[in-house]
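Enquirer: Here's a structure for you.
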Amino acid sequence: MKNQLALSWAVMLLAFATACVQAQAQTINNSLEVSKSQVSVAENGGTATYTITLIKELPRVIAVRLKPPPHPSGLIKVVPTLMLFRDLGEERIVTVTAIDNDDFGDRTVTVTHTASGGKGTISVEVRIKDDDAQPVSLSAAPNPVAEGNSVTV
Numbered sequence: 202m203k204n205q206l207a208l209s210w211a212v213m214l215l216a217f218a219t220a221c222v223q224a225q226a227q228t229i230n231n232s233l234e235v236s237k238s239q240v241s242v243a244e245n246g247g248t249a250t251y252t253i254t255l256i257k258e259l260p261r262v263i264a265v266r267l268k269p270p271p272h273p274s275g276l277i278k279v280v281p282t283l284m285l286f287r288d289l290g291e292e293r294i295v296t297v298t299a300i301d302n303d304d305f306g307d308r309t310v311t312v313t314h315t316a317s318g319g320k321g322t323i324s325v326e327v328r329i330k331d332d333d334a335q336p337v338s339l340s341a342a343p344n345p346v347a348e349g350n351s352v353t354v
């Protein structure tokens with residue numbers, strides 16, 4: 202019993218610690234920093250933002266292409282889809298917007314970021330909180346009740 206209780210506490214603490222971890226910054230080839238590895242948006246127009254910053258001086262302009270997931274399409278909109286960086290410390294804001302649809306259930310999709318010149322690729326996970334109600338179905342069936350009695354449905 203003691204071992205089970207200790208294991209239960211350990212699992213609860215691990216779950217709590219995981220829930221409290223902030224989405225960490227990532228770098229693309231030590232040249233660009235993406236401020237978050239994960240964002241959450243609510244369906245039907247919810248937005249989230251993060252930044253991409255040039256953290257290493259480079260001899261040329263670097264381009265970053267942002268690509269939302271091809272399948273399933275139409276879940277999110279990402280703006281902008283192309284960024285150019287020239288100066289050290291230059292920062293750009295990325296906005297992710299969830300698109301309303303009739304699908305039920307939360308979703309997780311990935312936005313891929315690819316830097317020009319083979320500088321690397323990273324991904325930002327987008328968690329979409331659905332706003333559609335869970336489908337409900339009812340079926341009726343006869344339930345005979347003797348006179349003077351009751352039945353719970």
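Sequential numbering of the sequence shown, starting at 202, is according to my numbering. Quick reminder that beta carbons are idealized off the backbone N, C-alpha and C, glycines included.
Specify, as a first and last residue, the run of the beta strand (DSSP E) that residue 268 falls within.
Expert: Counting along the chain, the beta strand (DSSP E) containing residue 268 begins and ends at 263 to 268.
Enquirer: Is the stretch 292 to 310 touching the stretch 247 to 262, taking contact as three or more C-beta pairs under 8 Å?
Expert: Because the criterion of three Cβ pairs below 8 Å is met, the stretch 292 to 310 and the stretch 247 to 262 touch.
Enquirer: For residue 241, which three-state DSSP category applies?
Expert: Residue 241 falls in the strand class under three-state DSSP.
Enquirer: List the whole-angstrom C-beta distance separating residue 316 from residue 229, where the pair is believed to meet the contact cut-off of C-beta under 8 Å.
Expert: Yes, residue 316 and residue 229 are in contact; Cβ-Cβ is about 5 Å, under 8 Å.
Enquirer: Residue 242 and residue 329: beta carbons closer than 8 Å?
Expert: Taking 8 Å as the Cβ cut-off, residue 242 and residue 329 qualify as a contacting pair.
Enquirer: Can you name, in chain order, every residue of its own chain whose Cβ lies under 6 Å from the Cβ of residue 332, other than the five neighbours on each side?
Expert: The residues are 244 and 245.
Enquirer: Assign residue 246 to one of three DSSP states: helix, strand, or coil.
Expert: Correct three-state label for residue 246: coil.
Enquirer: Which residues bound the beta strand (DSSP E) around residue 228?
Expert: That run of the beta strand (DSSP E) goes 227 to 229.
Enquirer: Mind checking residue 223: buried by the 16 CB within 10 Å criterion, or exposed?
Expert: Note on residue 223: pLDDT 46, under 50, position unreliable in the model; the coordinate value appears next. Exposed: under 16 other Cβ atoms inside 10 Å.
Enquirer: Can you name, in chain order, every residue of its own chain whose Cβ lies under 8 Å from the Cβ of residue 226, other than the five neighbours on each side?
Expert: Hits under 8 Å: 234, 235, 236, 237 and 238.
Enquirer: Suppose you measure from the CA of residue 277 to the CA of residue 314; what does that come to, to the nearest Å?
Expert: If I take the Cα positions, the gap works out to 15 Å.
Enquirer: Would you kindly work out how many angstroms separate the C-alpha atoms of residue 351 and residue 342, rounded to a whole number?
Expert: If I take the Cα positions, the gap works out to 16 Å.
Enquirer: Can you give the Cα-Cα distance for residue 265 and residue 283, rounded to whole angstroms?
Expert: For residue 265 and residue 283, the distance between alpha carbons rounds to 6 Å.
Enquirer: If contacts are defined as beta-carbon pairs under 8 Å, then residue 327 and residue 240 qualify, I think. What distance do you get, rounded to the angstrom?
Expert: Rounded, the Cβ-Cβ distance is 6 Å, consistent with contact.
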